[in-house]
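A.B. asks: Residue numbers (numbering that gives the first Met the number 0): 0 to 421. Ideal placement from N, C-alpha and C gives every residue a C-beta, glycine not left out. The structure presented is a predicted model; accordingly, all values stated were derived computationally and were not measured.
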Amino acid sequence: MHDEFNDPIWRQGISGAQMLFVAFGALVLMPLITGMDPNVALFTAGIGTLLFQLVTGRQVPVFLASSFAFIAPILAAKGEFGLPAVLGGIVASGLVYILLSAVVRVKGAGFIDRLLPPVVIAPVIISIGLALSPVAVNMAMGKAGDGSAQLVPYEIAMLISMSALVTTVLVAAMGRGLLRLLPILAGISVGCIVAAFCGVIDTSQVAAAPWLALPAFVAPELHWGAILYIVPVALAPAIEHIGGVVAIGSVTGKDFIKKPGLHRTLLGDGLATSAAGLLGGPPNTTYAEVTGAVMLTKNYNPKIMTWAACFAIGLAFVGKFGTALQSIPVPVMGGILCLLFGSIAVVGLNTLIRHQVDLSEARNLIIVSVTLVFGIGGMVMGNSDFALSGISLCAISALVLNLVLPGGHGWRSKTVLEEPDL
0 MHDEFNDPIW RQGISGAQML FVAFGALVLM PLITGMDPNV ALFTAGIGTL
50 LFQLVTGRQV PVFLASSFAF IAPILAAKGE FGLPAVLGGI VASGLVYILL
100 SAVVRVKGAG FIDRLLPPVV IAPVIISIGL ALSPVAVNMA MGKAGDGSAQ
150 LVPYEIAMLI SMSALVTTVL VAAMGRGLLR LLPILAGISV GCIVAAFCGV
200 IDTSQVAAAP WLALPAFVAP ELHWGAILYI VPVALAPAIE HIGGVVAIGS
250 VTGKDFIKKP GLHRTLLGDG LATSAAGLLG GPPNTTYAEV TGAVMLTKNY
300 NPKIMTWAAC FAIGLAFVGK FGTALQSIPV PVMGGILCLL FGSIAVVGLN
350 TLIRHQVDLS EARNLIIVSV TLVFGIGGMV MGNSDFALSG ISLCAISALV
400 LNLVLPGGHG WRSKTVLEEP DL
């Protein structure tokens, strides 16, 4: 029987490159949407994965990279406070994971499920996806994300965006083997080919860019307004992280919640996210695409993620590569985002369904209803000096409503994390 843990180094390297290839589309798409440097995102994904492996004793075969859950607050905070302030918020989000890690170590893994049950997390995730839908539609129609300017003529933009969307859908639904794990990459490729035929892609900057260049690192700054925008959203990816750890455990047949322990995986994710913020990169999260690739290839050796991380760090220093990524036309990304942002909302819906949350109960109905309207509607509370709005506000509202409304025990579903009080 083949033992992947004793594979020669060259085979581990090829497997690592394959894992990065699977993660690549989503990894670079998030910084491109938020106006961050994709080379920095590659570097911080690699560093974050290595930090995660260090904390967990290299026991868990996961790859960490850009989290889509933070797109809405990053876009909002970046427009108001600037990128350095946003990065301060990302560092603070990592500290939230580290704090959760400490609490889980003391209280046990069931604490997370009691503090953040499905009825709290699901509507926040739905809001994240649906609040971003106008950005996707504007970009698909050739406009800037906020709709302020027409960047590509409408007819050409629709041809490009729909070709990218249809390709992504077909590969996701009908692809076989490894191809099925690469829908974003396939969509970007076809969209760019169509854009090239339409004369939309400008390659002059790629030609002028150097082959080797330092990523455009940016230092964070402390700004409480930006922190308030971004930190509450960390609640949803914390649950996403736990789901990712449980999923990879079920694939490999190991219980990573117990060994190395949820407190260590949360700590690793927190350190990875804070490190990304310190260097100018997007917050990190475990990648479901890579978990799917691990399941498909049946290669459970965590060493391959070390290789994937090293390849990501190496690519970050290829100047032409980052410039080429930034030259991807807006409609290409818009078409793919029409599916991706909808998928985020569906993850939230699936959370409600899977945990059988009864929405006929007044308590659950109130939490979900208020959270959705605050999040999607863009409710603002406060003044110019101290304000909460959108996704951040809806996350805090869901948390507070869950804590103050009576009757929070009868409906709570049992999950794999639920355990008796110690």
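Starting from the Cα of G248, find the closest Cα among T264, A237 and S388 and give me that residue.
C.D. replies: T264
A.B. asks: So who's on the other strand from M380, going by DSSP bridges?
C.D. replies: L387
A.B. asks: Inspect the CB distances between the region 97-108 and the region 293-304 and report whether three or more fall short of 8 angstroms.
C.D. replies: no
A.B. asks: Note down the Cα distance separating Y286 from A233, rounded to an integer number of angstroms.
C.D. replies: Between Y286 and A233, the C-alpha separation is close to 16 angstroms.
A.B. asks: Quick check on F51: buried or exposed, where buried means 16 or more other Cβ atoms within 10 Å of its Cβ?
C.D. replies: buried
A.B. asks: Using a 10 Å radius around the Cβ and a threshold of 16 neighbouring Cβ atoms, would you call G409 buried or exposed?
C.D. replies: For G409, the predicted structure reports a pLDDT of 43, less than 50, and the residue's modelled location is therefore unreliable. A value from the coordinates is still provided. Per the 10 Å Cβ criterion, exposed.
A.B. asks: Below 8 angstroms, how does it come out for the region 170-185 and the region 205-225: are there three or more Cβ pairs, yes or no?
C.D. replies: no
A.B. asks: Please report the distance separating the alpha-carbon of D112 from that of I238.
C.D. replies: Taking the straight line joining both Cα atoms gives about 9 angstroms.
A.B. asks: Leaving aside the five residues before and after G34 along the sequence, list all residues of the same chain whose C-beta is less than 7 angstroms from its C-beta, in chain order.
C.D. replies: K77
A.B. asks: Please classify Q149: does DSSP put it in a helix, a strand, or coil?
C.D. replies: strand
A.B. asks: Between the region 156-170 and the region 218-226, can you find at least three pairs of beta-carbon atoms closer than 8 angstroms?
C.D. replies: no
A.B. asks: According to DSSP, is V217 part of a helix, a strand, or is it coil?
C.D. replies: coil
A.B. asks: Exposed or buried, A207, counting other C-beta atoms within 10 Å across all chains shown (16 or more means buried)?
C.D. replies: Exposed, because fewer than 16 other Cβ atoms sit within 10 Å of the Cβ of A207.
A.B. asks: Tell me whether the beta-carbon of C18 lies closer than 8 angstroms to the beta-carbon of A292.
C.D. replies: The displayed chain sequence assigns Met, not Cys, to residue 18. Cβ distance < 8 angstroms, so M18 and A292 count as in contact.
A.B. asks: Confirm, please, whether the CB-CB distance from L26 to S65 is below 8 angstroms.
C.D. replies: Yes, the Cβ-Cβ distance between S65 and L26 is below 8 angstroms.
A.B. asks: Between which two residues does the alpha helix (DSSP H) carrying N137 extend?
C.D. replies: S132 to A139
A.B. asks: Need the endpoints of the alpha helix (DSSP H) that T202 sits in, please.
C.D. replies: Run containing T202: none; DSSP gives neither H nor E here.
A.B. asks: If contact is defined by three or more beta carbon pairs under 8 angstroms, each pair taking one atom from either stretch, is the region 28-44 in contact with the region 332-342?
C.D. replies: yes
A.B. asks: Within a Cβ cutoff of 6 angstroms, which residues of the same chain sit near A323, ignoring the five residues on either side of it in sequence?
C.D. replies: V205
A.B. asks: For L392, which residues from the same chain have a beta carbon less than 7 angstroms from its beta carbon, with the 5 sequence-adjacent residues on both sides left out?
C.D. replies: Hits under 7 angstroms: F373, M378 and M380.
A.B. asks: From E79 to S388, what distance separates their C-alpha atoms?
C.D. replies: 12 angstroms
A.B. asks: Using the Cα positions of L261 and N38, report the straight-line distance between them to the nearest angstrom.
C.D. replies: The alpha-carbon separation between L261 and N38 amounts to approximately 30 angstroms.
A.B. asks: Need the endpoints of the alpha helix (DSSP H) that L211 sits in, please.
C.D. replies: Here L211 belongs to no alpha helix (DSSP H), and DSSP marks it neither H nor E.
A.B. asks: Drop a sphere of 10 angstroms on the beta-carbon of A274, count the other beta-carbons inside from all chains shown, and report buried for 16 or more, exposed for fewer.
C.D. replies: buried
A.B. asks: Here's the rule I'm using: 16 or more other beta-carbon atoms within 10 Å means buried, otherwise exposed. How should T251 be labelled?
C.D. replies: buried
A.B. asks: Starting from the N-terminal side, write out each stretch of the alpha helix (DSSP H) that is 4 residues or longer and does not extend beyond the region 288-355.
C.D. replies: 302-314, 318-325 and 329-353
A.B. asks: How is T55 classed by DSSP in three states: helix, strand or coil?
C.D. replies: Looking at T55 - three-state DSSP - the assignment turns out to be coil, as it is neither helix nor strand.
A.B. asks: Using the beta-carbon count (16 or more within 10 Å), is F196 buried or exposed?
C.D. replies: With fewer than 16 Cβ atoms within 10 Å of its Cβ, F196 is classed as exposed.
A.B. asks: Here's the rule I'm using: 16 or more other beta-carbon atoms within 10 Å means buried, otherwise exposed. How should D201 be labelled?
C.D. replies: In summary, D201 is exposed, with fewer than 16 beta-carbon neighbours lying within 10 Å of its beta-carbon over all protein chains present.
A.B. asks: Put A195 into one of helix, strand or coil per three-state DSSP.
C.D. replies: helix
A.B. asks: With distance defined between alpha-carbon atoms, name the residue in S359, N363, K319 and V289 nearest to G24.
C.D. replies: V289
A.B. asks: Whose C-alpha, out of G198, F255, L41 and A108, is nearest the C-alpha of A271?
C.D. replies: It is L41.
A.B. asks: If you follow the beta strand (DSSP E) that S65 is in, where does it begin and where does it stop?
C.D. replies: L63 to S65
A.B. asks: Beta carbon of A307, beta carbon of T43: below 8 angstroms?
C.D. replies: Cβ distance not < 8 angstroms, so A307 and T43 don't count as in contact.
A.B. asks: Does DSSP classify K142 as helix, strand or coil?
C.D. replies: In the three-state DSSP reduction, K142 falls in the strand class (E or B).
A.B. asks: Quick check on G15: buried or exposed, where buried means 16 or more other Cβ atoms within 10 Å of its Cβ?
C.D. replies: buried
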